[in-house]
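All remarks here apply to the structure that follows.
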Amino acid sequence: MLDTEPVDSVGITATLEAMRILNPVVIAAATIAATAMLAPAAFAASPMGSLGGEAIPSNADETLAVGSGIRPGTYTTTGLAEEADPGTFCRWRVIDANNAIRDQGQTDSEQDQQTVTIRPTDTFFETFRCAAWTSPGLFGSLGGGMN
C-alpha cells in the first residue's frame, strides 16, 4: 500500500520550474567549457591549421614529427640562417606517409624566402640551417608596418 502524505504541489512546481530554467544554463556552461578545452586540439588537427605564432628556431637542424613536433599548416622562412656557416645551404624537406620525399627546397641566400605546406598526412618535416620558420596562421601576418 502506498503512503499517502500530503504533497506540497507549490514547492514541487517551483522546483520543476527552476530545473527547467537552469538545465539549459548548465548544459550551455558545460558545452562552453568542453569547447574551450577541446577546440585548440580539434582546430590544430583541422585543415585550417593553427592560429599562428608557431615557430621553428633559426639555424635549427631538426626532424619534426607532424602532429607532435609540428602542426600541419603553411610555414615560411627568409632563407639561410644568419648564424649558418659561409658556403652552406638552408635545406628542408617533407616526408609523406610512404616515407618518400613529398616536397623539398634549398637556398644559400638569407633573402630567398622559402614556403612549405605540411599536410596532416605527412609524417616528418626536416630543416637544416634555415632562418626561423613561422606560420602566419589563420589571420595572416600582423607585423610589417607601412613603408
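Per this note's numbering, the sequence shown starts with residue 61, numbered consecutively.
All C-beta atoms, glycine included, are put in the ideal place defined by N, C-alpha and C.
Out of the options, point me to the one whose CA is closest to residue i's CA.
i      : options                           : result
Phe149 : Gln173, Ala160, Glu186 and Ser169 : Ser169
Thr175 : Tyr135, Ile116 and Gly129         : Tyr135
Thr167 : Gly129, Gly139 and Ile116         : Gly139
Taking the continuous beta strand (DSSP E) assigned at residue i, which residues delimit it?
i      : result
Thr138 : Here Thr138 belongs to no beta strand (DSSP E), and DSSP marks it neither H nor E.
Val176 : Gln174 to Ile178
Gly147 : No beta strand (DSSP E) contains Gly147, which DSSP labels as neither H nor E.
Gln166 : Ile161 to Thr167
Arg189 : Phe184 to Cys190
Ala125 : Ala120 to Ala125
Would you tell me roughly how many angstroms separate the C-alpha atoms of residue i and residue j, rounded to the nearest one?
i      : j      : result
Arg151 : Thr137 : 11 Å
Phe188 : Ser118 : 9 Å
Asn159 : Ser195 : 24 Å
Gln173 : Trp193 : 10 Å
Ile178 : Gly133 : 5 Å
Ala143 : Ser128 : First, the residue type needs correcting, since residue 143 is Glu and not Ala in the sequence shown. Approximately 27 Å, taken between the alpha carbons.
Near residue i, which residues of its chain fall below 7 Å by C-beta distance, leaving aside the five closest residues on each side in sequence?
i      : result
Phe184 : Thr123, Leu124, Ala125, Val126 and Ile155
Ala141 : Ser118, Asn119, Cys150, Arg189, Cys190 and Ala191
Can you find the residues in the same chain that come closer than 6 Å, C-beta to C-beta, to residue i, ignoring five residues on each side of it along the sequence?
i      : result
Asp121 : Phe188
Arg162 : Val154 and Asp156
Glu186 : Thr123 and Arg153
Asp182 : Val126, Val154 and Asp156
Within its chain, find whatever has a CB closer than 8 Å to the CB of residue i; leave out the 5 residues flanking it on each side and keep chain order.
i      : result
Pro146 : none
Gln164 : Arg151, Trp152, Arg153 and Val154
Gln171 : Thr138 and Gly139
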